[in-house]
Amino acid sequence: MPQLPGDGTLKAALRWLQAMRTEDVPRIRALFTHHDAYADLTPDQYAHGLLWLHHLGLAALPRQSAPASPLEDRALGMLLLSRSLEAAGPGWEYTTSSAGEEGDLPAAAGPLAKALGLSHGDAAAAVTQARLAERARVGAAGEAALVELLGRHVDAEVTHVSALSDRFGYDIAVAGPGGHAAHIEVKTTTKPTENLHFLSRHEYETMRGDPAWVLAMIRLDRNDRVVSVSTVRRAWVAGAMPADQPAGEALWESARLMIPPSAVEPGLPAVGSWLKPGHTGSLLAGQQHQEVPW
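The structure is reproduced here in structure tokens:
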């Protein structure tokens, strides 16, 4: 389960966040301790709320001369929710609450949004930001894991090109013997049963012009350990792309792909001939590892 603060701690953290825009900590602590308007929360909750802000890196936002406006208060609540979900680590977004007041917010986010006084729309926007941050984190972890895997198991030169520039149209270059190469675009997930990924126009155009381009899917467990490596067939990718509108009135820049099992083959056949002796049973050859249960 995600290590998220309790409702009272999060409410206290928001009060600290709002008050620290104009006042220093000793003044705010005295206010929270002695003013009846803040007596609904305990001193421990206020103390833990401040610690949570320090944990999130939000305890040193720029000071301003006037109290936050209602719109700024909403923005602070959304920021606190999204950062709290990010800090919870993988797992918070996998369980969706039942239909009702909270709609399709993840179960972990609904009570926190209520504690912060956020509307459904504001909470959904904060969740989206947290999901984007988690997607970026997972993507970077998948790339790093595959670079490490290739470095150990393949007799070839491996370069993490996306760490140098995002202009290549793929993430990892593998230079094998005899001038052969594999240019690997990596898509990563931690969800056991969902292969939802996004492909940019630049990545797709690179695929069209580069015979060495490969779309690899990496699945990680909760500890960012590689569970499986697979390859998405190029023909499926080409057939799944959306069409542009006539006369250039509307052009797609990113495509959302729900990749079916029929479009996937295990391992990375593109590097199969370069596997080091004794490594034929590796993830790169299509073997799946046991994952750490959620």
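In the working numbering, the protein residues as written are 20 to 313. Cβ atoms here follow ideal geometry from the backbone N, Cα and C, with glycine treated the same way.
Report the residue from the options whose alpha carbon sits nearest the alpha carbon of residue i.
i	options	result
Pro171	Arg40, Trp293, Ala152	The question names Pro, but residue 171 is Arg in the sequence shown. Considering only alpha carbons, the answer is Trp293.
Gly291	Thr212, Leu302, Val283	Leu302
Leu69	Ser101, His54, Thr52, Leu36	Leu36
Gly158	Leu75, Ala182, Ala94	Ala182
Val251	Pro280, Arg238, Asn242, Ala201	Pro280
His67	Gly25, Gly228, Ala79, Ala94	Gly25
Ala58	Ala31, Glu204, Ala266, Ser219	Ala31
Leu239	Leu168, Gly297, Val44	Leu168
His73	Ser88, Asp185, Leu33	Leu33
Pro288	Arg46, Arg186, Gly305	Gly305
Ala149	Lys295, Leu75, Glu204, Met277	Leu75
Arg220	Phe51, Arg186, Glu272, Gly27	Glu272
Thr52	Val44, Pro62, Glu204	Pro62
Glu222	Asp92, Arg186, Gly195, Ser249	Arg186
Asn214	Val44, Ala282, Gly300	Ala282
Asp92	Ala262, Ala38, Pro265	Ala38
Look at residue i and residue j and say whether their C-beta atoms are less than 8 Å apart.
i	j	result
Ala152	Glu105	yes
Thr207	Ala160	yes
Ala201	Ala155	no
Ala274	Phe217	yes
Ala145	Ser184	no
Met277	Val256	no
Would you say residue i faces chain C, with C-beta separation under 8 Å as the test?
i	result
Ser247	Although the question refers to chain C, the structure presented lacks it and comprises just one protein chain.
What does the alpha-carbon distance come out to for the pair residue i and residue j?
i	j	result
Ala143	Ala134	15 Å
Val173	Leu234	18 Å
Val246	Gly286	11 Å
Ala118	Thr147	Residue placement at Ala118 cannot be trusted, given a pLDDT of 35 that sits under 50; what the coordinates show is reported in the next sentence. Between Ala118 and Thr147, the C-alpha separation is close to 18 Å.
Tyr189	Gly258	19 Å
Ser116	Ala132	Confidence in Ser116 is poor, its pLDDT being 44 and thus under 50, which makes the residue's placement unreliable; the coordinate value appears in the next sentence. Taking the straight line joining both Cα atoms gives about 13 Å.
Arg241	Gly108	9 Å
Pro211	Ile237	11 Å
Met20	Trp111	Note that Met20 has pLDDT 41, beneath the 50 cutoff, so the model's placement of it is unreliable and the number below is only indicative. Taking the straight line joining both Cα atoms gives about 7 Å.
Leu99	Arg244	29 Å
Gly198	His179	18 Å
His139	Leu90	15 Å
Ala267	Leu165	Per the sequence shown, the amino acid found at residue 267 is Gly instead of Ala. Each residue's Cα considered, the two are about 38 Å apart.
Lys295	Gly228	29 Å
Ala127	Asp141	15 Å
His308	Val193	23 Å
Leu23	Trp71	10 Å
Gly315	Ala269	Any question about residue 315 goes unanswered here, given that the chain covers just 20 to 313.
Pro86	Arg46	15 Å
Asp55	Leu124	34 Å
Glu121	Ala94	Any reading at Glu121 must be qualified, since the residue scores a pLDDT of 38, below 50, and its modelled position is unreliable; the value itself is stated next. Taking the straight line from one Cα to the other gives about 19 Å.
Arg82	Leu50	18 Å
Gly297	Ala175	16 Å
Tyr65	Glu42	15 Å
Val177	Glu204	13 Å
Gly300	Val44	58 Å
Asp263	Ile191	29 Å
Met260	Ser88	45 Å
Roughly how far, in whole angstroms, is the beta-carbon of residue i from the beta-carbon of residue j, given that I think they are within contact range, below 8 Å?
i	j	result
Gly96	Gly129	Incorrect: roughly 14 Å between the Cβ atoms, too far for contact.
Leu80	Arg40	7 Å
Ser103	Leu29	7 Å
Leu77	Gly27	Actually they are not in contact, since the Cβ atoms of Leu77 and Gly27 sit about 18 Å apart, beyond 8 Å.
Glu224	Ser249	Between Ser249 and Glu224 the Cβ distance is about 23 Å, and since that is not below 8 Å, they are no contact.
So who's on the other strand from residue i, going by DSSP bridges?
i	result
Leu215	Met277
Glu204	Leu234
Thr178	Ala192
Glu284	Thr250
Leu99	According to DSSP, which records beta bridges pairwise, Leu99 is partnered with nothing at all.
Val173	Leu294
Leu239	Val245
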